[in-house]
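These notes are about the structure you will find just below.
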Amino acid sequence: MKSTKTKENCVYDVIHALHCMYHFPRDTDIFRHLYDMLSSPGIMLLRHGGIAPGNGWRKMMTHFYEFYSNETEPYYNFDLIVDSVREQLQGIDTEIIHRDTGSINITECFNEHSQEGNKMLNYLFQCVDFRKYLPGERVEYFLSYLKDKCCVVQGDKIYLPAHEADIVIKK
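Residues in the sequence shown are numbered from 1 upward in steps of one, following our numbering.
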């Protein structure tokens, strides 16, 4: 059976992008495209984690990308996403909602033999096999930075403060 959908009739009441905007291409009008697919009335929800200025994950990723990004593709942090949304959707009201979502126990990240810890590192640093991705001295450097500058240590547990923000756009 052949689809009869066209670009003109693909509209949605709700569009959401949860924790994926860091992977959106920066050189496109992706937010304009999503908005154009929104029905009227409709709502778009864009959720991003790790955004608060004092947030450990944001601090760690900003520092990590100082070493492992290039000037044309900087880490697509929340500020850059908000700037892109506002640039692409000029004159359209956006609401930003910030939430403290608690802390994540990342103690296992510091045990190089822990499968769970290594999976968390891959997620936190947004790379495949973090411990092999970087030279050995860099792994130790970033683990120390993560623990000492971005986390809260309580006894033998290490916690990474977590925050999220939603950008809500209504049509």
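Where is the CB? At the ideal position from N, CA and C, for every residue including glycine.
Since the structure is predicted, the reported quantities are computational estimates derived from the model, not experimental observations.
#### Entry: L160 burial status per 10 Å Cβ neighbour count (16 or more: buried)
L160 is buried by the Cβ-count criterion.
### Task
Would you list, in sequence order, the uninterrupted alpha helix (DSSP H) runs of no fewer than 4 residues that lie entirely inside the region 11–57?
Correct list: 30–36.
### Message
Between the alpha carbons of P41 and I169, how many angstroms are there, rounded?
### Response
So the two alpha carbons sit approximately 11 Å from each other.
### Task
Would you mind reading off the limits of the beta strand (DSSP E) that contains V168?
First-last of the beta strand (DSSP E) with V168: 157–170.
### Query
Does the Cβ-Cβ distance between I96 and A165 come in under 8 Å?
For I96 and A165, yes; Cβs fall inside 8 Å.
#### Entry: Presumed contact (8 Å Cβ cut-off) between G180 and H19, rounded CB distance
Here the chain comprises residues numbered 1 to 171, so residue 180 is not present and cannot be evaluated.
### Query
Which stretch, first to last residue, makes up the alpha helix (DSSP H) that contains N118?
Here the alpha helix (DSSP H) through N118 covers 115–125.
### Task
Could you tell me the boundaries of the beta strand (DSSP E) in which I96 lies?
For I96, the enclosing beta strand (DSSP E) starts and ends at 94–105.
### Query
When you compare only the Cα positions, how much space is there between S3 and R86?
Residue confidence for S3 is low, a pLDDT of 42 falling below 50, so the modelled location carries little weight and cannot support an answer.
### Task
Take the Cβ of K59 as the centre, count every other Cβ of all protein chains shown within 10 Å, and call the residue buried at 16 or more, exposed below.
Around the beta-carbon of K59, 16 or more other beta-carbon atoms lie within 10 Å, marking it buried.
### Task
Would you mind stating whether N111 and G102 have Cβ atoms separated by less than 8 Å?
For N111 and G102, no; Cβs fall outside 8 Å.
### Message
Going by DSSP, what residue range makes up the alpha helix (DSSP H) through V85?
### Response
First-last of the alpha helix (DSSP H) with V85: 78–88.
### Query
Rounded to the nearest angstrom, how far is the Cβ of K171 from that of I158, given a contact under 8 Å?
The beta-carbon distance between K171 and I158, rounded to whole angstroms, is 43 Å. This is too long to meet the 8 Å contact definition.
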